[in-house]
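Chains as they are written, first to last, in this note's numbering: chain S, 22 to 126; chain X, 7 to 175. Every residue, glycine too, gets a C-beta built ideally from N, C-alpha and C.
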């Protein structure tokens, strides 16, 4: 309970966001939209970390630092993914996942 | 309903509605804008929990950095007027089933679990405390992950430049 807001509310919000991200990851074809779904998934995990930190372990900072590091990893991942996507676009002129088998060798 | 509950409900509604729109919108630039709304509402949740530093990071790095990067790459790789094709039902149904079943299972588990009621502190996090933890090597110090993440960011930067560079051949 944080000033009237129960912990479960945060967790349920995070859960819904996570599984919406999973749905987008499975359904979408365009590589950039898949990347956006991944960002949704990472962000929902951050909400859980922060809520657990504040409500169950007040006075500690572990959850906050985990979130900071996850945000940094997400930034690194997005930059490398977009570099790869632009490279693929140069070779194949579209960025649907069906054409990605050319990356194997 | 207190003011906090009201604000939480508002942010949670924005997060859920716009994350659904992010994965279902057929115009890719709009999907990126909806993602921006989701990330800003998440920053609002962090402000509600009084993690001001984290909310600032969320706004500058996620909403300011990653979304701009995504929009740039959308403009480089696709036409704005173009609509994405609709996913077929045979693809949609299993994904919906998997995501729905997972969500229902997780929410039921969360609702059944009895979380211990801890005394909450309502103070906001001291920025001096955060800075000391980030460079401290003692217990609750994060000097090693901090250094590792800086090496990771350098490696990602070098990798991105090399990957996106034009080949000479």
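Inset, instruction - Please go through the same chain and pick out, in chain order, the residues whose beta-carbon is closer than 8 angstroms to the beta-carbon of residue 110 of chain S, but skip the five residues on each side of it. - result: As a position in the first chain, residue 110 of chain S is number 89, starting the count at 1. Once the five neighbours on either side are set aside, the close Cβ partners of residue 110 of chain S are 116.
Inset, instruction - Use the C-beta contact count for residue 146 of chain X: other C-beta atoms within 10 angstroms, 16 or more gives buried, fewer gives exposed. - result: If you number the second chain from 1, residue 146 of chain X lands on position 140. It is exposed - the Cβ of residue 146 of chain X has fewer than 16 other Cβ atoms within 10 Å.
Legend entry - CB contact below 9 angstroms: residue 119 of chain S versus chain A: The structure shown contains no chain A; its protein chains are S and X.
Legend entry - C-alpha distance - residue 99 of chain X paired with residue 114 of chain X, whole-angstrom precision: Within the second chain, residue 99 of chain X is the residue found at index 93, counting from 1. Within the second chain, residue 114 of chain X is the residue found at index 108, counting from 1. In a straight line, the C-alpha of residue 99 of chain X is about 22 angstroms away from that of residue 114 of chain X.
Legend entry - Option nearest residue 15 of chain X by Cα separation, candidates X:48, X:33, X:59: Here residue 15 of chain X refers to the residue found at position 9 of the second chain. Out of X:48, X:33, X:59, X:48 has the C-alpha closest to the C-alpha of residue 15 of chain X.
Legend entry - Proximal chain S residues relative to residue 53 of chain X, where beta-carbon distance stays under 7 angstroms: If you number the second chain from 1, residue 53 of chain X lands on position 47. Result: empty, since nearest Cβ-Cβ is about 11 angstroms, beyond 7 angstroms.
Inset, instruction - Mind checking which residues open and close the alpha helix (DSSP H) that includes residue 153 of chain X? - result: Taking the first residue of the second chain as position 1, residue 153 of chain X is located at position 147. That run of the alpha helix (DSSP H) goes 149-170.
Inset, instruction - Would you kindly check if the distance between the Cβ of residue 77 of chain S and the Cβ of residue 122 of chain X is under 9 angstroms? - result: Start at 1 with the first residue of the second chain, and residue 122 of chain X comes out as number 116. Start at 1 with the first residue of the first chain, and residue 77 of chain S comes out as number 56. One thing to note: residue 122 of chain X has its Cβ within 9 angstroms of the Cβ of residue 77 of chain S.
Inset, instruction - Give, in chain order, every residue of the stretch 31-57 of chain X whose Cβ lies closer than 8 angstroms to some Cβ of chain S. - result: Answer in chain order: 34, 37, 38, 41, 44, 45, 48, 51, 52, 54, 55, 56, 57.
Legend entry - Spatial neighbours of residue 41 of chain X in its chain, beta-carbon cut-off 7 angstroms, leaving aside the 5 residues before and after: Taking the second chain and counting its residues from 1, one reaches residue 41 of chain X at position 35. Cβ neighbours of residue 41 of chain X beyond the five flanking positions: 28, 73.
Legend entry - Cα-Cα separation, residue 139 of chain X to residue 97 of chain S: Working through the second chain from its first residue, we reach residue 139 of chain X at position 133. Working through the first chain from its first residue, we reach residue 97 of chain S at position 76. Distance between the alpha carbons of residue 139 of chain X and residue 97 of chain S is about 23 angstroms.
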